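Read the structure below first, then the notes.
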Amino acid sequence: MRALDLKLLRDLWHLRGQALAIALVLTGGVATFVMSRSTLDALHDTRAAFYQETRFADVFASLKRAPESLRGRIAAIPGVAAVETRVVTQVNVDLPGFPEPVKGRLVSVPDSGAPLLNDVYLRRGRLIDPARDDEALVSEAFAEAHGLEPGDTLAAVINGRYKRLTLVGVVLSPEVVYQLAPGAVIPDFRRYSVLWMARRPLATANDMDGAFNDVALGLAAGASARAVIDRLDALLAPYGGLGAYTREDQVSHRYLNEEFRQLEQMAVMYPVMFLGVAAFLLNVVVTRLVNTQREQIAMLKAFGYGNGAVTLHYVKLILAITLLGDLGGVALGVWMGQGLGDLYMDYYRFPFLLYRLDPALVLVAVLISAAAALSGTLFAVRAAARLRPAEAMRPEAPPVYRATLLERIGLQRLLAPPSRMILRHLERRPFKALLSVVGIAFSYAILMLGSFFGDAVDYLVDVQFRQIQREDMTVSFAETTGRKALFELQSLPGVRYAEGVRGVSVRLRNGYRTYRTGIQGLERNGRLQRVLDESLHPIPLPEGGLLLSDYLGELLGVGVGDRVTVEILEGERPVYQVPVARVITQFVGVAAYMDRTALNRLLREGDVITGALLAADRHSRNAIYDELKARPRVAGVEVREYAIDNFNELMAQSINLFSFFVVILAGSIAFGVVYNSARIALAERGRELASLRVLGFTRGEISYILLGEMTLLTLAALPVGFLIGQGMAAYMIETMQSELFRIPYVLEARTYAFAALVVLVASALSALIVRRRLDRLDLVAVLKTRE
C-alpha cells in the first residue's frame with residue numbers, strides 16, 4: 001500500500017466520528033434527490049404505460065344530445081384518428097348500510113367489444129354481459145372504500161328512476177386516475193363513485209337511444225389539437241356543446257401534472273440545502289485538518305511528493321467521506337421513494353407502479369454530491385498544495401490577543417474565569433463562530449420547513465371551511481331551476497336557512513391566455529358562502545364585474561379594471577367582455593365569482609339557480625338527505641363536515657410522512673454541525689484545555705468552557721435559523737402553488753418550538769459524546785511539544 005493511501009486510512013479512522021456526521025448530512029441530500037427523482041420517473045413511466053394500454057384520449061367534449069350519425073362527420077375532421085361516442089350522466093347512488101349522500105358518474109361502454117378510447121382496466125371480476133341491463137363496473141377507489149366485491153349490489157337514481165345494479169367487476173380508468181367529484185379539489189372515495197354500464201340500457205334510461213352526449217377523440221401524429229377543437233366545437237354547437245378541451249385540461253391528468261411539477265421542485269430545493277450544509281462542514285473539517293497537518297505536509301514535500309500528490313490525497317479523503325454518504329443516501333432514497341410511491345398509489349389509481357432505480361440517476365446523484373463536496377473544500381485543498389516545506393515546518397503564529405469588548409467596558413468582573421474564556425474565544429475568532437451559527441441555523445430552518453405545513457393546513461381549513469363556506473349541506477340541481485325552489489328546501493324539517501347559487505362553466509380568455517373554469521353566482525351579501533378580504537372580513541360582491549382569485553388573475557395576467565373575455569360553455573354559448581372588479585386571496589380551487597343577480601342578467605335569464613346552500617341541524621342531516629335523494633331535480637348533495645374530515649385525512653397522511661423524513665434529515669444536519677464544531681474546537685484547544693486541567697481546573701470546568709461555547713452558538717443560531725426558515729417557507733409556498741390549493745404563509749409558535757427542541761436534543765447528544773472524549777483526555781500526550 002502506498003504511504004499516502006495508508007495515511008488516508010489513518011486520517012479517516014482518526015476523523016471517523018466527524019466523517020460519519022458529515023456523511024449523514026450528505027445522506028440527507030442524496031436521499032431527497034434519489035427519492036424525488038426516482039418517484040417522479042416511476043410515476044411518469046407508470047402513467048405513460050397505463051395511458052398507452054388503455055388508449056387514453058387526446059380531446060374530450062360534452063354536449064346536450066347529438067344523433068349517432070354525427071360520429072362520421074367528427075371522424076372526418078382532419079387529424080382525428082379515432083372517435084368514441086358515449087352516454088355519460090351524473091347519478092345519486094344508494095348504498096346499503098351507508099346513509100351518507102353518494103354522488104356518481106355513470107359512463108357507457110360499448111355493447112360489444114372494448115372501447116376504442118378510454119378503455120377500463122379490469123382488476124377483479126369480469127366485464128359486463130351485453131345481454132343484461134342491470135350490470136355495472138365500479139371504480140376500484142370506491143369499491144375499496146366500501147369493501148365492495150363483484151356480486152355486490154347498489155342502486156342508482158338514473159334520470160329520476162331508481163335502478164338496482166349488480167357490480168360484476170372492479171376496474172381502473174385513465175380518466176379517473178385522480179378520482180375527483182365535479183367541483184371538488186380533494187378526492188372523496190367514500191362519497192363519489194364512477195360506474196360503467198352497457199351503452200344500450202344506459203342510453204334507454206336517459207332517453208338517448210341512437211344519440212350520445214359525450215365524445216372522446218384520438219389524434220393522429222402531428223395533428224393540431226387547436227384546429228381539431230375548433231372544428232369539433234363548430235360541429236357540436238347546434239347540439240348544446242359545452243366546449244371541447246385537450247388532455248392537458250382533463251381534470252385527472254391536469255392534477256397529476258401539478259403533482260409532478262411539485263415533486264420536481266422538491267428534487268431541487270432539498271438536495272441543494274443538504275449538500276450546501278455538507279460542503280460547509282467538509283470545508284471546516286478539511287481546513288482544520290490541513291492546519292493540524294502542516295508539519296506532515298512539509299515532510300511529504302521534502303521527501304519529493306509534489307503539489308498534485310498532496311492535492312489528490314485530500315481529494316481522496318473528501319471523496320471517501322462523500323462515498324459513504326452516497327451509499328447511505330441511495331439506500332435511504334430508494335426506501336423513501338418506495339414509501340412515497342405507495343402513498344401516491346393510494347390517491348392516484350394506477351394498476352401498477354413501474355418503480356426502478358435507474359443507474360444513470362445514481363450516477364448523477366454521486367456526481368452532484370462529489371461536486372458539492374469538492375467545491376466546498378476547494379480553498380482548503382489549494383492551501384494544502386501551496387504550502388512550502390520550510391514555511392510549513394514552522395508552527396502557526398500564535399493569535400494576537402486583545403482586550404475583549406466586555407473587558408473594555410469593565411464587565412469582566414461579573415463573569416467567572418471559564419465564562420470569560422468562552423467569550424474571549426468567540427470574539428477573537430468571529431468568522432469561525434459565524435460559520436457554526438449559519439450551519440446550525442439551517443437545521444432550524446429545515447425543521448421549520450417540515451412542520452409548518454401543519455400550521456398552514458389548519459389555517460386553510462379554518463378559513464375555507466369555517467369562514468368562507470359556512471353551509472352545512474350543498475344541494476346541486478340536475479338543471480337550472482327557479483329561485484322558488486329555495487322555499488321548498490327551507491320548508492324541510494331541520495333546514496334553518498337556504499341560499500341560492502348559480503354556477504356556469506366558462507372559458508376565460510385574455511389574449512393568448514385561456515383558462516377553463518366556472519363562475520359561481522353568489523348572493524351579494526350571502527350568509528352561507530362569503531367572500532373575504534385579506535383581513536378575513538366579509539365583503540359584498542360587486543354589483544357588476546368579475547371577482548377573481550389571485551391565482552386565476554396571475555394565470556390570465558389580469559388585474560382590477562382589466563376586461564376578460566368570458567365564453568359561456570352552455571346554451572347558445574355567448575361571448576362577453578366583463579371587467580375584473582376585484583381580486584381576492586383564495587386558498588382552494590380556481591374559480592371566478594359574480595353577484596348572482598348580475599350573472600342572471602348577463603346570461604339573459606330569469607331569477608334561476610343551479611344549486612342551494614343549506615344551514616341545517618346536525619341530527620336532521622340523514623332525514624334531509626332521504627327527502628332530497630327521492631327528488632328527480634336533485635343531482636347531488638354534499639355535506640361540509642365530510643369534506644373537512646376528508647381534507648384533514650388526506651393532508652395528515654402526506655404531511656406526517658413528509659414531516660417524518662424532514663425531522664430525521666434535519667436532525668442529522670443539527671447533529672453533524674454541532675458535533676463537528678465541538679470536535680474541531682476540541683482538536684484546536686486540546687493543549688489549552690489540558691493545560692487548564694494541569695493548573696487545577698476540574699473536568700466539569702473544562703467541559704463547561706468547550707460545551708458552553710457550543711451552547712452559545714446554538715442559541716445564537718435560533719433567531720438566524722428562524723429568519724432563514726421564514727424565507728424558505730415563503731419560497732416553498734411560491735413554488736408549490738397549484739390548481740388544487742395554495743399553501744398560506746402561517747408559522748405558529750409550536751413550529752418554532754418544535755424546531756428548537758429537535759436541534760437542542762441533537763446538540764445535547766453531541767455534547768454527551770464530546771464530554772466523554774474530554775473525560776478521557778490524555779494530558780501527557782496532548783502536552784507534548786508538537787514542533
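Numbering (full-length UniProt numbering), first residue to last: 1 to 787. Ideal placement from N, C-alpha and C gives every residue a C-beta, glycine not left out. No experiment lies behind these values; they were computed from the predicted model shown.
Residue i and residue j closer than 8 Å at C-beta
| i | j | result |
| --- | --- | --- |
| D119 | T54 | yes |
| L202 | S108 | yes |
| L602 | Y625 | no |
| A49 | G218 | no |
| E488 | A615 | no |
| R190 | K103 | no |
| V438 | V720 | yes |
| V284 | I440 | no |
| I669 | V277 | yes |
| L256 | R47 | yes |
| I702 | L692 | yes |
| L282 | G147 | no |
| L63 | E84 | no |
| I609 | A485 | yes |
| R631 | G500 | no |
| Q490 | L536 | no |
| E321 | F33 | First, the amino acid is wrong: residue 321 is Ile here, not Glu. No, the pair does not count as a contact, with Cβ atoms beyond the cut-off. |
| G553 | V583 | yes |
| I318 | L374 | yes |
Cα-Cα separation between residue i and residue j, rounded to whole angstroms
| i | j | result |
| --- | --- | --- |
| I446 | T714 | 15 Å |
| R772 | V761 | 17 Å |
| V215 | A61 | 5 Å |
| G511 | A211 | 36 Å |
| A643 | I77 | 42 Å |
| D58 | T246 | 6 Å |
| A383 | V290 | 8 Å |
| R527 | Y121 | 45 Å |
| V88 | V634 | 17 Å |
| P359 | G337 | 15 Å |
| L546 | T480 | 21 Å |
| D458 | L650 | 13 Å |
| A223 | G243 | 19 Å |
| M1 | V310 | Interpretation of M1 is limited by its pLDDT of 49, a score under 50 that renders its predicted location unreliable; no figure is taken from the coordinates. |
| L40 | L263 | 7 Å |
| Q726 | L774 | 37 Å |
| E709 | G329 | 32 Å |
| A372 | V366 | 10 Å |
| S476 | N92 | 11 Å |
| V461 | R356 | 37 Å |
| A478 | M266 | 42 Å |
| I664 | Q52 | 39 Å |
| A3 | L15 | 18 Å |
| D645 | E605 | 37 Å |
Proximal residues to residue i (C-beta, below 6 Å), its chain only, five neighbours per side dropped
| i | result |
| --- | --- |
| A755 | Y444, L447 and M448 |
| V194 | R105, S139 and V176 |
| I769 | none |
| F452 | A729, L747 and T751 |
Span of the alpha helix (DSSP H), counted from its first residue to its last, around residue i
| i | result |
| --- | --- |
| L460 | P430 to D462 |
| T287 | V251 to T292 |
| I769 | A749 to D775 |
| L232 | A225 to L236 |
| V560 | Where V560 is concerned, there is no enclosing alpha helix (DSSP H), given that its DSSP letter is neither H nor E. |
| S620 | Taken as a continuous stretch (DSSP letters only), S620 belongs to no alpha helix (DSSP H), as it is neither H nor E. |
Residue range of the unbroken beta strand (DSSP E) whose run includes residue i
| i | result |
| --- | --- |
| M736 | Neither: M736 is in no beta strand (DSSP E) and is coded neither H nor E. |
| M473 | M473 to G482 |
| F303 | Looking at the DSSP string, F303 is not in any beta strand (DSSP E), and its letter there is neither H nor E. |
Any C-beta of chain B under 8 Å from that of residue i
| i | result |
| --- | --- |
| N213 | Protein chain content of the structure displayed is limited to a single chain, and chain B is not contained in it. |
Identity of the residues DSSP links to residue i by a beta bridge
| i | result |
| --- | --- |
| G518 | S505 |
| L8 | L8 pairs with nothing; no bridge assigned. |
| W196 | V107 and L137 |
| P538 | L532 |
| P67 | A211 |
Residue i beta carbon near the ligand SAH (any heavy atom closer than 7 Å)
| i | result |
| --- | --- |
| M421 | Absence of the ligand SAH from the depicted structure is noted, as is the absence of any ligand whatsoever, leaving it without description. |
Cutoff 7 Å; reference residue i; Cβ partners in own chain excluding five residues on either side
| i | result |
| --- | --- |
| residue 788 | Limits of the chain in this structure are 1 at one end and 787 at the other, which puts residue 788 out of reach. |
| D45 | L354 |
| I422 | I705, G708, E709 and L712 |
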